[in-house]
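In what follows, a structure is listed as structure tokens, so that the remarks can point back to it.
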Amino acid sequence: MSRLRYVTAGESHGPAIFAWISGLPAGVRVDLERVNRELRRRQLGYGRGGRQKIEKDMADVLSGLRHGHTIGAPICIRLENREWEKWKQALPVEDFGDSAQFARALTAPRPGHADLPAALKFNWHDARYALERASARETAARTAAGAFAKVFLAEFGVEILSHVVAVGHTRLERAAAWEEIQAVCANLESPLRCVDAETEERMKKEVDDALRAGDSVGGIFEVVARGVPPGLGSHAQWDEKLDGRLAQAVMSIQAVKAVEIGSGVENAVSYGSVVQDPISYDAERRRFTRSSNHAGGLEAGITNGEDVVIRGYLKPISTLRRALGTADLKTKEPVEAAYERSDICVVPAAGVVGEAMVALALGDAFLEKFGGDSIEETRRNYEGFQSQLDEY
Ligand code: EPS
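In this text, residue positions in the sequence shown follow this note's numbering: the first is 10, and each later residue adds one.
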């Protein structure tokens, strides 16, 4: 069983979205400003739809936190959906089931969305509930839970950032320095969270072109975690491997269809002599180091002390103004897929969600290794391991 567990609840246009997180030790100081800042970051980005002007996500913590500190009990976070007032009539909560009559029925499933597979799965002839739960609105809850994991990891010097590497066909063609990634994460005005201004301008054009064409664009975000100690995860059993756990965490983000660790994709078409990261020893720091990081900080599913680097590849989102053809759930006749207010590009926001998911997966592996019911106990265990590395 995972040491750090979390689930979410809530529908996109229901009264609220919830996150529940369990397993953090007692005594972690959590500044809610920090959590709300993460929520704000997720709402930004060039190419978002109208909904973000309506929602002002703020964490309402209902349990597990007293006087700004965790108490070792499950934490429940509530995020209000301001849209609820408007949707109350369209989404009656009573009369659930196939007989439910929604004022806003959705019977023209969008290819690529949950609409059809979820309707088949639950035997619905209206995809409204499918849309409501599958919506990326849910990622607000993940971001809130991830913010708690980030705050916990920061106690041990772990910092998790992200930036946008590609939007549509436009790609950042150089490596990003850590300080540059820090700067885009700190800058809430950054339109697409790309470290290179010229590339970002071209990315914006990709979004503009898609908007004009009634289309959507995907892209790639990269999450980098610095300060991660070696030894998290394990090679001993398939489901203990941290690369696999991180991949699942990132793959589960709405619209992500591929995940890469380090330079994994390029490695497949390169040579062993090029791809492996040479090992040396830094006597001053008393740590092993690498001159490159193609492995993305993970070897055999164990962290090696280098930056953990993971990329999420997003398909263009499936709600299109220039609708695709589909088949009606009731009549089975060819119709145009449903269109409702939508985003054009969500890559910068997905990067923020990626940070949250990486924080939760790393937080779990961190607590698995170091344990602790109080933050002091976790710290003693962590420091004990650092001494072991010093004396190695
Ligand atoms: C989404 C559709 C849009 C997005 C939503 C994800 O919702 P709406 O139809 O209400 O405009 O805005 O994302 C969010 C609400 C959010 O907070 O990220 C979808 O279908 O996935």
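Heads up, the beta-carbon is just placed ideally off N, CA and C, and yes, glycines get one too.
Being a predicted model, the structure only gives us computed values, none of them experimental.
Rounded straight-line distance, which links the Cα of residue j to that of residue i
i    : j    : result
F131 : E198 : 42 Å
T328 : R294 : 51 Å
S171 : S383 : 29 Å
T340 : G121 : 20 Å
D66  : R49  : 7 Å
E269 : Q98  : 43 Å
A28  : N45  : 14 Å
E92  : H22  : 6 Å
A332 : Y348 : 7 Å
D373 : P34  : 12 Å
V232 : A175 : 13 Å
N262 : A154 : Contrary to the premise, residue 262 reads as Ile rather than Asn in this sequence. The alpha-carbon atoms of I262 and A154 are separated by roughly 14 Å.
P404 : G32  : Nothing can be reported for residue 404, as the shown portion of the chain is limited to 10 through 401.
D107 : Y138 : Per-residue confidence for D107 stands at a pLDDT of 49, beneath the threshold of 50, marking its modelled position as unreliable; no derived number is given.
I326 : R320 : 18 Å
E94  : P24  : 8 Å
E207 : V356 : 18 Å
E386 : G240 : 18 Å
V344 : L115 : 12 Å
E392 : G236 : 14 Å
G19  : E147 : 7 Å
S279 : Y15  : 38 Å
L371 : D337 : 43 Å
A222 : V216 : 10 Å
V37  : T335 : 50 Å
V173 : D291 : 32 Å
A256 : R75  : 33 Å
W425 : P126 : The requested residue 425 does not occur in the structure, where the chain is confined to residues 10 to 401.
Y401 : I311 : 18 Å
L398 : N313 : 12 Å
L41  : R183 : 35 Å
W133 : L140 : 12 Å
Beta-ladder partner(s) of residue i, from DSSP
i    : result
R75  : H78
L170 : V233
W29  : V16 and C85
G334 : E345
D69  : R87
I311 : E308
E269 : R320
A35  : S383
R350 : Paired residues: none, contrary to the question.
T179 : V176
Opening and closing residue of the beta strand (DSSP E) in which residue i lies
i    : result
R320 : V317 to L323
G228 : G228 to R235
T17  : R14 to G19
I86  : I84 to E89
G273 : G273 -> not in any beta strand (DSSP E); alpha helix (DSSP H) instead, spanning G273 to N276.
R299 : R296 to R299
A195 : Not the beta strand (DSSP E): A195 falls in the alpha helix (DSSP H), residues W187 to A195.
D291 : I288 to D291
Supposed contact pair residue j and residue i - C-beta distance, whole angstroms, cut 8 Å
i    : j    : result
G227 : L323 : 4 Å
V317 : T152 : Contact flag wrong, Cβ pair sits at about 19 Å.
A68  : I86  : 5 Å
A359 : F230 : 6 Å
G271 : N302 : 6 Å
R350 : G59  : 5 Å
R296 : I288 : Rounded, the Cβ-Cβ distance is 11 Å, inconsistent with contact.
L88  : I26  : 5 Å
Residue interval of the alpha helix (DSSP H) (run including residue i)
i    : result
T208 : A206 to R221
W93  : W93 to W96
A153 : T148 to A163
G363 : V356 to F379
S396 : I384 to D399
V284 : G281 to V284
E249 : No alpha helix (DSSP H) holds E249; DSSP gives it neither H nor E.
E141 : R137 to A143
A128 : D124 to F131
E64  : Counting along the chain, E64 falls outside any alpha helix (DSSP H), and DSSP gives it neither H nor E.
Q52  : L41 to Q52
Residue i at chain C interface by Cβ criterion, 8 Å
i    : result
S383 : Absent from the structure is chain C; it holds one protein chain and no more.
Cβ-heavy atom distance, residue i to ligand 3, below 7 Å
i    : result
D352 : Absence of ligand 3 from the depicted structure is noted, with ligand 1 being the only ligands included.
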